[in-house]
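*Asks:* Handing you this structure, nothing more for now.
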Amino acid sequence: MTSRPENPQLKIAAIQQKCTDDKAASLATSEKLIREAAKGGAQLVVLQELHATLYFCQTEDTDIFELAEPIPGPTSNRLADLAGELEIVLVGSIFERRMNGVYHNTSVVFDTDGSLAGIYRKMHIPDDPGFYEKFYFTPGDARFNDGRSGFTPINTSIGKLGVLVCWDQWYPEAARLMALAGADILIYPTAIGWDITDDPEEQARQLEAWVTVQRGHAVANNLPVIAPNRVGTEPDPTGQGDGIRFWGNSFICGPQGEFLARGDDHSECILTATLDRNRTESVRRIWPYLRDRRIDAYEDILKRVRD
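Those letters in the sequence shown? Residues 1 to 307, by full-length UniProt numbering.
Written out as structure tokens, the structure is:
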């Protein structure tokens, strides 16, 4: 059971940024914003999905695998050094080369001393027009080699982080499994945007669905949620499409889904909020969803279809 922290106040930051095809330039932007967040007192800083590169999954191109890195590797080492220097917990994102032919979309979490607290490999992998992720990413293992579930929070000096990635945010099962394993916060590094040709009404529905489903995970599990997303329009490398306009709207919400901070749809920014780490316990005492779960009646959830 997670004990109550001596200091319940935790200042957190989510970074929303534009990315370029120059990895060094994108990482320089990330570092600048991380330093600003830490200077403002953030103890936990969360970056968006694949923040070191353009979102390369708009097309299928074997040359893109050259962007992948091992862990440890150049990008993870740079993030580790930043976490240690600034004495923050830092959540970053790596296109991971695990071995020849096996690549992952991986979140890396570094503790305040720069040590690697843990990794999370994206479990749900989409394959849609403009989001051809199955070409690049192997899903995370359902179980680690030590027997832990792939949906296991990462222990840090500021609490247990339930890190998930982008497409995972549409699955209530993932959020619930993290909550049941004692996560203190749900974190969703994201790269999602609009098809430029969609009409404004459809774009508005998509954005509202994205925000609502994650706020629902906060409410259903009585946990705060941090969801950083990128901004900017990134062209289709093939020239056959119009590209993706990433919709930003990064946000932080509390354990009842209440907005604590929210970004716009075009600006690079640092969102900050102060969490009361005792709030989850207080909310669960009045809304005891976990107490009232009928775990004896849910076995059919493991079936693909109930037919």
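Just so you know, even glycine gets a beta-carbon here, dropped at the ideal spot from N, CA and C.
1. Grab me the residues of residue 144's own chain with a C-beta within less than 8 Å of its C-beta, minus the 5 sequence neighbours each way, in chain order.
2. Are residue 75 and residue 69 close, meaning C-beta to C-beta below 8 Å?
3. Let me know the alpha helix (DSSP H) ranges lying completely inside the segment 14-74, each 4 residues or longer, listed in chain order.
4. According to the neighbour-count rule (16 or more other Cβ atoms, all chains shown, within 10 Å of its Cβ), is residue 122 buried or exposed?
5. Does DSSP classify residue 84 as helix, strand or coil?
6. Three-state secondary structure (DSSP) at residue 194?
7. Run through DSSP, which three-state label would residue 168 get?
8. If you run the structure through DSSP and keep just helix, strand and coil, what is residue 1?
9. Identify the continuous beta strand (DSSP E) that holds residue 156 and give its terminal residues.
10. Please identify the residue among 235, 300, 207, 225 whose C-alpha is closest to the C-alpha of residue 21.
11. Looking at the structure shown, is residue 285 part of a helix, part of a strand, or coil, going by DSSP?
12. Going by DSSP, what residue range makes up the alpha helix (DSSP H) through residue 217?
13. Give the straight-line distance between the Cα atoms of residue 87 and residue 112, rounded to the nearest whole angstrom.
14. What's the call for residue 306, buried or exposed, on a 16-neighbour Cβ count within 10 Å?
15. Who are residue 104's beta bridge partners in DSSP?
16. With respect to the beta strand (DSSP E) encompassing residue 130, which residues constitute its N-terminal and C-terminal limits?
17. Just to check my reading of the structure: residue 16 and residue 248 have Cβ atoms closer than 8 Å, yes? What is that Cβ distance to the nearest angstrom?
18. Given a threshold of 16 other Cβ atoms within 10 Å of its Cβ, counted over all protein chains shown, does residue 250 qualify as buried or as exposed?
19. If you follow the beta strand (DSSP E) that residue 122 is part of, which residue opens it and which one closes it?
20. Span of the beta strand (DSSP E) holding residue 151?
21. Under three-state DSSP, which class holds residue 272?
22. Starting from the C-beta of residue 47, find all residues in its chain whose C-beta is less than 7 Å away, skip the five residues before and the five after it, and write them out in chain order.
23. Taking only three categories from DSSP, how would you classify residue 77?
24. Output needed for residue 287: all residues of its chain with C-beta closer than 7 Å, excluding positions within five of it in sequence on either side, in chain order.
25. By the three-class DSSP mapping on this structure, what secondary structure does residue 90 have?
26. Which of the three DSSP states, helix, strand or coil, is assigned to residue 116?
*Replies:* In brief:
1. The residue labelled residue 144 in the question sits at position 144 within the sequence shown. So the qualifying residues of the chain are 150, 152.
2. As a working mapping, residue 75 is identified with position 75 in the sequence shown. As a working mapping, residue 69 is identified with position 69 in the sequence shown. Taking 8 Å as the Cβ cut-off, residue 75 and residue 69 qualify as a contacting pair.
3. 23-39
4. As a working mapping, residue 122 is identified with position 122 in the sequence shown. Looking at its Cβ environment, which holds 16 or more other Cβ atoms inside 10 Å, residue 122 is buried.
5. Numbered from its first residue, the sequence shown carries residue 84 at position 84. Reduced to three states, the DSSP call for residue 84 is helix.
6. By 1-based counting over the sequence shown, the position of residue 194 is 194. Three-state DSSP puts residue 194 in a strand.
7. Numbered from 1 along the sequence shown, position 168 holds the residue referred to as residue 168. Helix, per DSSP.
8. Looking up residue 1 in the sequence shown gives position 1. Note on residue 1: pLDDT 42, under 50, position unreliable in the model; no value is reported.
9. By one-based count along the sequence shown, residue 156 stands at place 156. Segment 154-156, the beta strand (DSSP E) holding residue 156.
10. Numbered from 1 along the sequence shown, position 21 holds the residue referred to as residue 21. For residue 21, the nearest C-alpha among the options comes from 235.
11. As a working note, residue 285 is residue 285 in the sequence shown. In the structure shown, residue 285 sits in a helix (DSSP, three-state: H, G or I).
12. As a working mapping, residue 217 is identified with position 217 in the sequence shown. Here the alpha helix (DSSP H) through residue 217 covers 200-221.
13. Here the question's residue 87 lines up with position 87 in the sequence shown. Here the question's residue 112 lines up with position 112 in the sequence shown. So the two alpha carbons sit approximately 4 Å from each other.
14. Against the sequence shown, residue 306 aligns to sequence position 306. With fewer than 16 Cβ atoms within 10 Å of its Cβ, residue 306 is classed as exposed.
15. Looking up residue 104 in the sequence shown gives position 104. Answer by DSSP bridge pairing, in chain order: 96.
16. Taking the first residue of the sequence shown as position 1, residue 130 is located at position 130. Taken as a continuous stretch (DSSP letters only), residue 130 belongs to no beta strand (DSSP E), as it is neither H nor E.
17. The count along the sequence shown starts at 1 and reaches residue 16 at position 16. The count along the sequence shown starts at 1 and reaches residue 248 at position 248. Between residue 248 and residue 16 the Cβ distance is about 5 Å, and since that is below 8 Å, they are a contact.
18. Your numbering for residue 250 matches position 250 in the sequence shown. So residue 250 ends up on the buried side.
19. To locate residue 122, count along the sequence shown from 1; it is residue 122. Counting along the chain, residue 122 falls outside any beta strand (DSSP E), and DSSP gives it neither H nor E.
20. Counted from its first residue, the sequence shown places residue 151 at position 151. Segment: none, residue 151 is in no beta strand (DSSP E) and carries neither H nor E.
21. Within the sequence shown, residue 272 is the residue found at index 272, counting from 1. Strand at residue 272.
22. Residue mapping note: residue 47 aligns to position 47 of the sequence shown, counting from 1. Hits under 7 Å: 15, 30, 91, 92, 93, 189, 228.
23. Taking the sequence shown and counting its residues from 1, one reaches residue 77 at position 77. Helix at residue 77.
24. Against the sequence shown, residue 287 aligns to sequence position 287. For residue 287, where only same-chain residues beyond five positions count, the Cβ hits under 7 Å are 222.
25. What you label residue 90 is simply residue 90 of the sequence shown in a count that begins at 1. The answer is strand: DSSP assigns residue 90 an E or B state.
26. Here residue 116 refers to the residue found at position 116 when the sequence shown is read from its first residue. In the structure shown, residue 116 sits in a strand (DSSP, three-state: E or B).
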